[in-house]
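Engineer: Before I ask anything, here is the structure I am working with.
6 protein chains.
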Amino acid sequence: MDIEFKTISEFQAGKRVDGFFIVKKVECKVSSNNKKYLDFTLGDKTGEINSKLWNITDEDEKFNINTLVKVRGIVTEWQNALQFKIERIREVIEEDGVDIADFIPVAPFPAEVMYSEIMKYLSKIKNEDIKNIVEYILDDCGEALMYYPAAKSNHHAVRGGLLYHTTTMLKSAEKLCEIYDFLNTDLLYGGIILHDVAKMEEMASSELGIVSEYTIEGQLLGHIVMGVKKVEMAAEKVGADSEIKMLLEHMILAHHYEPEYGSPKKPMIPEAEMLHRLDDLDAKMYDMRKAVQDIEPGQMSDRIWSLDKRTVYKPLKEI
Amino acid sequence: MDIEFKTISEFQAGKRVDGFFIVKKVECKVSSNNKKYLDFTLGDKTGEINSKLWNITDEDEKFNINTLVKVRGIVTEWQNALQFKIERIREVIEEDGVDIADFIPVAPFPAEVMYSEIMKYLSKIKNEDIKNIVEYILDDCGEALMYYPAAKSNHHAVRGGLLYHTTTMLKSAEKLCEIYDFLNTDLLYGGIILHDVAKMEEMASSELGIVSEYTIEGQLLGHIVMGVKKVEMAAEKVGADSEIKMLLEHMILAHHYEPEYGSPKKPMIPEAEMLHRLDDLDAKMYDMRKAVQDIEPGQMSDRIWSLDKRTVYKPLKEI
Amino acid sequence: MDIEFKTISEFQAGKRVDGFFIVKKVECKVSSNNKKYLDFTLGDKTGEINSKLWNITDEDEKFNINTLVKVRGIVTEWQNALQFKIERIREVIEEDGVDIADFIPVAPFPAEVMYSEIMKYLSKIKNEDIKNIVEYILDDCGEALMYYPAAKSNHHAVRGGLLYHTTTMLKSAEKLCEIYDFLNTDLLYGGIILHDVAKMEEMASSELGIVSEYTIEGQLLGHIVMGVKKVEMAAEKVGADSEIKMLLEHMILAHHYEPEYGSPKKPMIPEAEMLHRLDDLDAKMYDMRKAVQDIEPGQMSDRIWSLDKRTVYKPLKEI
Amino acid sequence: MDIEFKTISEFQAGKRVDGFFIVKKVECKVSSNNKKYLDFTLGDKTGEINSKLWNITDEDEKFNINTLVKVRGIVTEWQNALQFKIERIREVIEEDGVDIADFIPVAPFPAEVMYSEIMKYLSKIKNEDIKNIVEYILDDCGEALMYYPAAKSNHHAVRGGLLYHTTTMLKSAEKLCEIYDFLNTDLLYGGIILHDVAKMEEMASSELGIVSEYTIEGQLLGHIVMGVKKVEMAAEKVGADSEIKMLLEHMILAHHYEPEYGSPKKPMIPEAEMLHRLDDLDAKMYDMRKAVQDIEPGQMSDRIWSLDKRTVYKPLKEI
Amino acid sequence: MDIEFKTISEFQAGKRVDGFFIVKKVECKVSSNNKKYLDFTLGDKTGEINSKLWNITDEDEKFNINTLVKVRGIVTEWQNALQFKIERIREVIEEDGVDIADFIPVAPFPAEVMYSEIMKYLSKIKNEDIKNIVEYILDDCGEALMYYPAAKSNHHAVRGGLLYHTTTMLKSAEKLCEIYDFLNTDLLYGGIILHDVAKMEEMASSELGIVSEYTIEGQLLGHIVMGVKKVEMAAEKVGADSEIKMLLEHMILAHHYEPEYGSPKKPMIPEAEMLHRLDDLDAKMYDMRKAVQDIEPGQMSDRIWSLDKRTVYKPLKEI
Amino acid sequence: MDIEFKTISEFQAGKRVDGFFIVKKVECKVSSNNKKYLDFTLGDKTGEINSKLWNITDEDEKFNINTLVKVRGIVTEWQNALQFKIERIREVIEEDGVDIADFIPVAPFPAEVMYSEIMKYLSKIKNEDIKNIVEYILDDCGEALMYYPAAKSNHHAVRGGLLYHTTTMLKSAEKLCEIYDFLNTDLLYGGIILHDVAKMEEMASSELGIVSEYTIEGQLLGHIVMGVKKVEMAAEKVGADSEIKMLLEHMILAHHYEPEYGSPKKPMIPEAEMLHRLDDLDAKMYDMRKAVQDIEPGQMSDRIWSLDKRTVYKPLKEI
């Protein structure tokens, strides 16, 4: 008997199928005959399905939500709905050759390309202290940088979103510094690369770039103050000048501008002002683009929370 | 006797001098011997001096404040202060070859250069309706565009400030549209050129680019609504498409973003969002640059009203 | 067989009935045998019923929501609910003699009476420019004025509500001008008649006075700015004095008082102040009266959104 | 020697004059020869003058500020300014026949006329409990009602201003109740008469209607809560129905509408809503009228604090 | 046949049971055979059950919600759910020996203990006027003081919560007055005892300490103003000094501090400031303690409305 | 000739005097004969006087503002005012036996007493990590702790004010923890000692406890974030548990509660809530006590900025 790879929308009761899915939820339960089983919600781009792995033992593999799994099983029907009885399940491995972008929203550029873009701007920083601090902190981030999103649910909440957000800001910074040429590009590039870096410790993300929750430290301190602490520690390690350290800390501290959004100080140097504006601009352009993509010409969108509850209009005729 | 051209700081009692000055104040008064005279405050970059033109008649020339005059007279002393007794006075004419920039703050580029910059962007607009509306309104502005400041006392409150503000925004727009390439440049260039154009009717400015007051219509309606009315009228004259007209009106209406700053609607198209941000960015960069220019390394500036009452810091060591 | 006129609450399965109903919803669908049909929700004061017009062709009449129709058909039962199979359906015509007030909330006075009330106040305006501007704009409104409500869901959201709101304000204005006799009644009457006139283009209303949505222009510009544009255009057409034009525009612009409610300028002439207050007073009295009508003596109402989330009390004993 | 009655602007050094003045300030001081004297500032409509009553004894009459006095004395000159040496001074008595309106701003109607207006509306109240409570409190006010202003420095800060404010509101109430005829006039008239009555204990006013300061109780409790306490006490004395009492208390409590202006509860009955609006309307119309009276056609006024810092415009041409 | 006392979770269809329950809801309805019956929701700590008392007559006992009843009946099953057919029902009497704390949340100290605590602090008040006013008002409260909660749903919304809140504040006051020894303990103790006393008339509570609703007077005036009125009346009855009365009234009036929370005046004496802070502190500590009790170590709570929508964290390891 | 120690109010022209004064201002100027001199403003509790030290050389001692000096010189008179010609001047040394409290406002307890109070509470901390972090940071503070005020101009702006504020809070904490016994005293004592410790780097204070200005770091980061950084560094040095570190950082971060007062996070553990409240309480009690000390019975104070612009009342009769 041939077992076919199916997407969830193709499932039919009675068929045995193979497939790759995301673990959306997983819980260990006890059945009526007093045996333990795992109760999954599996999903792909076409839908979600309740799935059971019966009669597990304590030695059975643990599964984390928001990871990719390869599964074989039989589609059944129970109370008018399809259900999936799992026969085999394991985490996806590299050899499976699965393209993550088929399962989740991802940034429009490969992580490697964006990462080397950041390296390019890092190499443009001439001030040794700034460069050292930034390098120290980037080294410390490790792999996470390659997949972290920039948010849990707002703008850039996609796999690689943090890299995407950062590189777009760096490009805009470079261009605007040609016009506002009194700005110091070393400070600005350094500030941009570091401004959200502590989000990787504020939020807990799976390798799919999906954030399930904020960490305790993220809730008690927030990524802005956590970022300041990172610079403080890095500056001590690399022996940086104390004013340079202070300026980078100030830029991170002030990048949300408003106290009620987490910045106890507002920008007091021009580069901090520009950093804040590039950050906000990129967020809003991301949301605006998404809003007009989702509607037809001549239509208004629904109210969009992250755009100040505004609706967005797409002109009827192409201009 | 040789009469020398002097600046006010060079005045000495008893000397007869020639000079070019700005009329800061002028009032018609009656002297103790019941004759009418003009009581001036004349100024240049070096200071101000009280000046009298005695025994005038009703036929005598009228002088407006914030204009340049050529004056000859004698420096006197009265109650421990220097005073200037005017013998001859007339408005400056082109042949005098006076450089206005020696008397008042001016934009860093000549008006003609900035004007042709605007023409360059106008020529890039491909949509005929947008181009026609913008042209109709620019034609209507006449000479005033060449000298109007962009504000009475805030950012770009210099001769030619309106042109300077507009052209800088156009340049930034062009660069950022390379990054945010879903934006329509026709709409954005059109909106930028028109967004503050009604300031020329909201404020009364002398040809020196100094605003003495807001007009009545400026106070009762404001330049935002006045700008919308201009587009309405221009669109009728050039027979423009009604959606194009509406979009340009919306961009002008929304460009201050906050209702309490005069915008009853917030941006609902991406180009209006970008217009607002470029406008605000250019204002803040102007004020930030000015703030750091005015202080020494290692110093904090005074609180700056237009920067949200912030102080600005200039790093101690060059980075 | 006799066919009786029935209200929806009187429907019984198996009966053939005639009736007058409002089209609440209508959608063109395709049946399982691949024929097109219209799926209606019909309603009257007693309820709503799902109704089908089977096997339509492209030539069949189009029906708009929020219009009155005359229908004949058979009541059926499907899945435990009554359904209505339409045999004949057409828009109501004048000869049907249907009283709209039996189907929808209407203003307490006939449109014609309220309209002639407005004409009476128009005739009291002595200033020719004001009178001409108001007349020009009223002429331009056409029939819509006779049925438009003053709002989508708040105060005066009834058929003829705009006329009702306007005439009540005119009456209050006349009385209060006896007490505050320094007010100019020409300006005030003119301002009252025009203040909400652009609501007819801000909202899309059926002839029943039910607003289904805001227009695109209504959302991008709002009735306040649209009203100002109307005066600008009218003043040009009738060749009105520019100050008169400016004052009327200011009154419209300022009539919501608060920037966050759409007025970028607050009232700066006494008549604009009074206009704002009469507008607000009439809205609040409308809602207060409605609130106490809906509750028993000794009771508090629910929280009422348009009354600042207040509850309203009706005294236990008549005073 | 003839002694003439003079106004202060007519004073000339060396003349002996009689006059009626207001005591603006008075302080007991000790002269260089160690004698006590009274140092006055006396004023009338034409100006103010420093005045001395030398060598007083402890038995000498006490003078209160903001009272009228009859004075005889000699005008002297001291350090380039006129001074007034008082020879005789006493409080004005009725026989002097002085018209207070010559010295201070007063309401446009005589106190007696306004008082009988209030009595007229009191007699229109049919509900015995309301009438009894209002009468009890009015009786308790005594003479003060005849001269109290309605404020220290805002609207109706004139002699008799409280009566003027109250009667104007009663007239407007009567007219608007013809239009909004579901309102209970008994409650509304009662509420209007009582709403500011505790201002007579919140502020300390001289008989000239000039408030020198707020009382301690006025500062710690405020006239709104003090008014509620008055109704509580009056209701007990006259044995009024508890709901009637509660409604009147609520109307007083809610009449400033906003918590930050002193009303812990917002209006919850229509009559309380109307009371608040009539109160606010009368204040704003008073200030608007005053603002336009003080400027020329075509002019903008200064910013007026009590009008929300607005400027007011007076049209250039009569309409 | 033995009838057992059961909790609702122990109910089984077909059994006859006895029990003590709270009346959560009760409504008089008419059955299909046209007889009147009472439809109850009965509850205890283990759950709730729909219950019927069939065929009642007008003479039958009335039952109030939020009271305790003793019931006998039969458990039945209807549409897959248990129902309770009541045979006998009466209000609980003292002889039943039921402990209220088994049914509802109660303060951690017996009412009598807390009451005598208040008496202890009352006896510490040396100023006769303060003591007399407080005593007069406490006497007037009667039994209600023994069971009233301090709120409908926020902090101290438990039986005896008002006593608990008041006594905790008194203890904190005593301790802090040792540190801030310039505070007058007479005023402070008096103010604390009286500050919320009018809550007993603002909210309608059953003897179980459960508030079903706010009274009309509570909604129209609020417990703060009602408390001020109580002091006014008490002071007249006991003939207290007018300043003492005013200070107590001010303390009550100011105890919520913010106008939008009901205080038209902010504290202007140190004792009023301390009263406000003790009140707020006790509320917040109550909610904080409750929040951490309800979560596990290492967890964040849900957002808590009364704590400014904050989440609360319980440290992972004991410190 | 005897030279007497004089206060400034005792100065008489022509006398030679000795004295101890504070340097309020000092500036190096050049006299008309082109010699350098120091221009001082010297002060004591009785007043201030302009003073000159003529003909100084570059080797002359430098003087800092807000330090105590011993001075000998001659009182002169110049332009109707006294002036002081300095003959000898040096910084005060310990042997002078000057009591600082005679010159400036100081805390009511000696620094040593308050310091040992802090040590007492430190010794009560049982958790080793908390104790180590606090000790590490206190050691790092050095001498400054003995004289620093707690503010530049608000509450506790006196010599030793930081110690005074901290010890008072510790005492209140101890007492309230008896009542709210679920609070962890280790965390609370630790948080209190550390909460303002970075003020010593945020503000530049002389040894007299007078703050002349905020430091650059103080302005760019603020004492709250600087305090968090201190804990981060201390925790690394002493190898503290990461949760303990995080909790202390959170307590410091949240201690101003409101974002606009510098706290990006609000308290999320009960101890942080209590810390904030004790901090605020102590500040307000300090200001309240000061306000009533400065006025007479029966009087209202001026508006006090730090008390939310309130006025404070002192009862007329002692209670």
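Residue numbers (the numbering used here), protein chains in the order written: chain F, 1 to 319; chain L, 320 to 638; chain Z, 639 to 957; chain G, 958 to 1276; chain S, 1277 to 1595; chain B, 1596 to 1914. Idealized CB from N, CA, C, for every residue including glycine.
Listed from N- to C-terminal order along the chain, which residues in the region 246–263 of chain F have their beta-carbon within a distance smaller than 9 Å of any beta-carbon of chain B?
Structural biologist: M246, L247, E249, H250, L253, A254, H256, E258, P259, E260, Y261, G262 and S263
Engineer: Let me know the secondary structure DSSP gives F/D181 once reduced to three states.
Structural biologist: Residue 181 of chain F sits at position 181 when you count from the first residue of the first sequence. Residue state, collapsed to three classes: coil.
Engineer: So what does Z/F741 bridge to, in DSSP terms?
Structural biologist: The sequence position of residue 741 of chain Z within the third sequence is 103, counting from 1. Z/F741 pairs with nothing; no bridge assigned.
Engineer: How many whole angstroms separate the CB atoms of L/P586 and L/H575, which I take to be in contact at a CB cut-off of 8 Å?
Structural biologist: Along the second sequence, one-based indexing puts residue 586 of chain L at 267. Along the second sequence, one-based indexing puts residue 575 of chain L at 256. Their Cβ separation, rounded to whole angstroms, is 10 Å, which puts L/P586 and L/H575 out of contact at 8 Å.
Engineer: Give every residue of the same chain whose Cβ lies closer than 8 Å to the Cβ of Z/I942, excluding the five residues on either side of it in the sequence, and list them in chain order.
Structural biologist: Residue mapping note: residue 942 of chain Z aligns to position 304 of the third sequence, counting from 1. For Z/I942, where only same-chain residues beyond five positions count, the Cβ hits under 8 Å are D925, A929, R948, T949 and V950.
Engineer: Given a limit of 9 Å on CB to CB distance, which residues of the region 848–867 of chain Z reach chain L?
Structural biologist: Here the close residues are I854, E855, Q857, L858, L859, G860, I862, V863, V866 and K867.
Engineer: Smallest Cα separation from B/A1746: which of B/E1738, B/A1829, B/G1737 and B/L1758?
Structural biologist: Here residue 1746 of chain B corresponds to residue number 151 of the sixth sequence, with the count starting at 1. Looking only at B/E1738, B/A1829, B/G1737 and B/L1758, the smallest Cα-Cα distance to B/A1746 is reached by B/L1758.
Engineer: If you run the structure through DSSP and keep just helix, strand and coil, what is S/G1418?
Structural biologist: Along the fifth sequence, read from residue 1 onward, the residue named residue 1418 of chain S stands at position 142. Looking at S/G1418 - three-state DSSP - the assignment turns out to be helix.
Engineer: Tell me which residue opens and which closes the alpha helix (DSSP H) that S/H1557 is part of.
Structural biologist: Residue mapping note: residue 1557 of chain S aligns to position 281 of the fifth sequence, counting from 1. The displayed chain sequence assigns Leu, not His, to residue 1557 of chain S. Segment P1546 to Q1569, the alpha helix (DSSP H) holding S/L1557.
Engineer: Would you list the one or two residues that DSSP bridges to L/K371?
Structural biologist: Walking along the second sequence from the start, residue 371 of chain L turns up at place 52. DSSP lists L/D358 and L/K404 as partners of L/K371.
Engineer: Are the C-beta atoms of S/M1277 and some chain G residue less than 8 Å apart?
Structural biologist: As a working note, residue 1277 of chain S is residue 1 in the fifth sequence. Caution applies to S/M1277, whose pLDDT of 45 falls short of 50 and renders its modelled position unreliable; the model cannot decide the point.
Engineer: For a test of the three-state rule: what should DSSP assign to F/A204, helix, strand or coil?
Structural biologist: Position 204 of the first sequence holds residue 204 of chain F. Residue state, collapsed to three classes: strand.
Engineer: For the beta strand (DSSP E) that contains Z/G711, what are its first and last residues?
Structural biologist: The residue labelled residue 711 of chain Z in the question sits at position 73 within the third sequence. Residues L706 to W716.
Engineer: Are B/P1865 and S/R1565 close, meaning C-beta to C-beta below 8 Å?
Structural biologist: As a working note, residue 1865 of chain B is residue 270 in the sixth sequence. As a working note, residue 1565 of chain S is residue 289 in the fifth sequence. Their beta carbons are under 8 Å apart, which means B/P1865 touches S/R1565 by this criterion.
Engineer: With DSSP run on the structure shown, which of helix, strand or coil describes B/S1627?
Structural biologist: As a position in the sixth sequence, residue 1627 of chain B is number 32, starting the count at 1. Correct three-state label for B/S1627: coil.
Engineer: How about B/V1823 and F/K199: are their beta carbons less than 8 Å apart?
Structural biologist: Working through the sixth sequence from its first residue, we reach residue 1823 of chain B at position 228. Working through the first sequence from its first residue, we reach residue 199 of chain F at position 199. No, the Cβ-Cβ distance between B/V1823 and F/K199 is not below 8 Å.
Engineer: Kindly identify the DSSP beta-bridge partner or partners of Z/D682.
Structural biologist: Position 44 of the third sequence, counted from the start, is the residue given in the question as residue 682 of chain Z. DSSP, once it has assigned bridges, lists Z/G685 as partnering Z/D682.
Engineer: So which of Z/K674, Z/A719 and Z/S850 has the shortest CA-CA distance to Z/F649?
Structural biologist: As a first step, residue 649 of chain Z is located in the third sequence; it is residue number 11 there, counting from the start. Comparing Cα positions, the closest option is Z/A719.
Engineer: What residue range is occupied by the uninterrupted beta strand (DSSP E) comprising L/Y440?
Structural biologist: The count along the second sequence starts at 1 and reaches residue 440 of chain L at position 121. Per DSSP, L/Y440 belongs to no beta strand (DSSP E); it is in the alpha helix (DSSP H), A430 to K443.
Engineer: Taking all protein chains shown into account, decide if S/M1277 is buried (16 or more other Cβ within 10 angstroms of its Cβ) or exposed.
Structural biologist: What you label residue 1277 of chain S is simply residue 1 of the fifth sequence in a count that begins at 1. Bear in mind that a pLDDT of 45 at S/M1277, under 50, signals an unreliable position, so the model cannot answer this.
Engineer: Between Z/S669 and the rest of its own chain, which residues show a CB-CB distance below 6 Å, the 5 nearest in sequence each way excluded?
Structural biologist: Counting from one through the third sequence, the residue named residue 669 of chain Z turns up at place 31. Answer for Z/S669: Y675, listed in chain order.
Engineer: Note down, in chain order, all residues in the region 1879–1903 of chain B with a beta-carbon under 8 Å from any beta-carbon belonging to chain G.
Structural biologist: Flagged, chain order: G1893 and M1895.
Engineer: Would you verify that the beta carbon of B/K1860 is, or is not, closer than 8 Å to some beta carbon of chain F?
Structural biologist: Taking the sixth sequence and counting its residues from 1, one reaches residue 1860 of chain B at position 265. Yes - at least one Cβ of chain F is within 8 Å of the one on B/K1860.
Engineer: Report the option in B/A1829, B/K1860, B/V1833 and B/E1812 whose CA atom is closest to the CA atom of F/H223.
Structural biologist: Here residue 223 of chain F is taken as the residue at index 223 of the first sequence, counted from 1. Out of B/A1829, B/K1860, B/V1833 and B/E1812, B/K1860 has the C-alpha closest to the C-alpha of F/H223.
Engineer: Across the region 1841–1848 of chain B and the region 243–250 of chain F, are there enough close Cβ pairs to call them in contact, namely three or more that are closer than 8 Å?
Structural biologist: no
Engineer: What residue from S/M1576, S/I1325 and S/E1370 has the CA that sits closest to F/L321's CA?
Structural biologist: With chain F running from 1 to 319 in the structure shown, residue 321 of chain F is simply not present.
Engineer: With DSSP collapsed to three states, give me the class of S/I1369.
Structural biologist: Numbered from 1 along the fifth sequence, position 93 holds the residue referred to as residue 1369 of chain S. Coil.
Engineer: Determine the DSSP secondary structure at G/E1092, reduced to helix, strand or coil.
Structural biologist: Position 135 of the fourth sequence, counted from the first residue, corresponds to residue 1092 of chain G. Here G/E1092 sits in helix by DSSP.
Engineer: Find the residues of chain L that neighbour F/N127, judging by a C-beta separation of less than 7 Å, and give them in chain order.
Structural biologist: Taking the first residue of the first sequence as position 1, residue 127 of chain F is located at position 127. By Cβ distance, chain L contributes I638.
Engineer: Can you give the Cα-Cα distance for F/D181 and B/H1750, rounded to whole angstroms?
Structural biologist: Start at 1 with the first residue of the first sequence, and residue 181 of chain F comes out as number 181. Start at 1 with the first residue of the sixth sequence, and residue 1750 of chain B comes out as number 155. Between F/D181 and B/H1750, the C-alpha separation is close to 45 Å.
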